[in-house]
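Numbering (our numbering), first residue to last: 2 to 151.
Virtual Cβ for every residue (Gly too), placed ideally from N, Cα, C.
Accompanying notes for the structure given below.
Next comes the structure, spelled out in structure tokens:
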């Protein structure tokens, strides 16, 4: 449907511009009679401008739809990451290995680190390197901490 709308918008805008330019050329021509100039003006307004405006509205509609779809995908991704984060946190009793989180979420190391660093700030957690060199993110899961407001 989007492809059809994009093609339609392109055709309408192109047609509108073509009709407008041809009408302007004839209106500006000194050899064109006054009656023909009025007719060309009407053609320009009714066919050129309306086609162009219709095409512009289609473009606007497509852009708004794409924006909503991107926002929806971003929201779903946030929900997916949050769900994985909470389930791993619960499963590992507040200790979340960095590599495990990156593998489970399929995020790049930089994206996973950024996400976990944000959660550390949000939940007042911390991160440390264990004896094997793995980064562990620690969060306090006690009820008193969970009930505090940030």
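Limits of the unbroken alpha helix (DSSP H) element including residue 46: Residue numbering aside, residue 46 sits at position 45 when the chain shown is read from its first letter. Neither: residue 46 is in no alpha helix (DSSP H) and is coded neither H nor E.
- request: Consult DSSP for residue 110 and reduce its assignment to one of helix, strand or coil.
  value: As a first step, residue 110 is located in the chain shown; it is residue number 109 there, counting from the start. DSSP places residue 110 in helix when its eight states are reduced to three.
message: Comparing C-alpha positions only, which one of 89, 49, 57, 126 sits nearest to residue 25?
response: Position 24 of the chain shown, counting from 1, holds the residue named residue 25. Nearest to residue 25 by C-alpha distance, out of 89, 49, 57, 126, is 49.
query: Under 9 Å, do residue 62 and residue 6 count as touching if we go by C-beta distance?
result: Against the chain shown, residue 62 aligns to sequence position 61. Against the chain shown, residue 6 aligns to sequence position 5. It is a contact, given that the beta carbons lie within the stated cut-off.
- request: Take residue 2 as the anchor and find which of 131, 59, 45 has the nearest alpha-carbon.
  value: Numbered from 1 along the chain shown, position 1 holds the residue referred to as residue 2. Nearest option by C-alpha distance: 59.
query: Are the Cβ atoms of residue 105 and residue 137 separated by less than 9 Å?
result: Position 104 of the chain shown, counted from the start, is the residue given in the question as residue 105. Position 136 of the chain shown, counted from the start, is the residue given in the question as residue 137. Going by C-beta atoms, residue 105 is not nearer than 9 Å to residue 137.
task: Express the C-alpha separation of residue 87 and residue 93 in angstroms, rounding to a whole number.
output: To locate residue 93, count along the chain shown from 1; it is residue 92. To locate residue 87, count along the chain shown from 1; it is residue 86. The straight-line gap from Cα to Cα measures roughly 10 Å.
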